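Here the structure comes first, spelled out in structure tokens, and everything after it is commentary.
Residue numbers (the numbering used here): 31 to 100.
Spelled out as structure tokens, the structure:
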């Protein structure tokens, strides 16, 4: 996994982006991800909570992709 973005922005949005790679049965699977979520409140604690939410979304997406593999 390569993470290119993991931060909050001045406009109250957080970014989690990058790509993950998996070699499966001789094939290389490469998937980019880019999640942008809006914080529900101002402040550092809200940013951390929203970043965790974004990671949870990506983890679910990766798990779903892996479950479809033969």
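We treat Cβ as the ideally placed atom computed from N, Cα and C, and that holds for glycine.
As the structure is a prediction and not an experimental result, all values here were calculated from the model.
Please classify residue i: is it buried, with 16 or more other beta-carbons within 10 angstroms of its beta-carbon, or exposed?
| i | result |
| --- | --- |
| residue 81 | buried |
| residue 88 | buried |
| residue 32 | exposed |
Confirm the yes/no value for this check: CB of residue i, any heavy atom of the ligand NAD, distance under 7 Å.
| i | result |
| --- | --- |
| residue 71 | Among the components modelled here there is no ligand, and therefore nothing to report on the ligand NAD. |
Near residue i, which residues of its chain fall below 6 Å by C-beta distance, leaving aside the five closest residues on each side in sequence?
| i | result |
| --- | --- |
| residue 38 | 44, 77 |
| residue 35 | 45, 47 |
Mind checking who residue i pairs with in its DSSP beta bridge?
| i | result |
| --- | --- |
| residue 64 | 47 |
| residue 33 | 48 |
| residue 59 | 52 |
| residue 38 | 44 |
Can the beta-carbon of residue i be found less than 8 Å from the beta-carbon of residue j?
| i | j | result |
| --- | --- | --- |
| residue 46 | residue 65 | yes |
| residue 42 | residue 68 | yes |
Excluding the 5 residues preceding and the 5 following residue i in the sequence, name in chain order all residues of the same chain whose CB lies nearer than 8 Å to its CB.
| i | result |
| --- | --- |
| residue 100 | 55 |
| residue 50 | 31, 32, 60, 61, 63, 92 |
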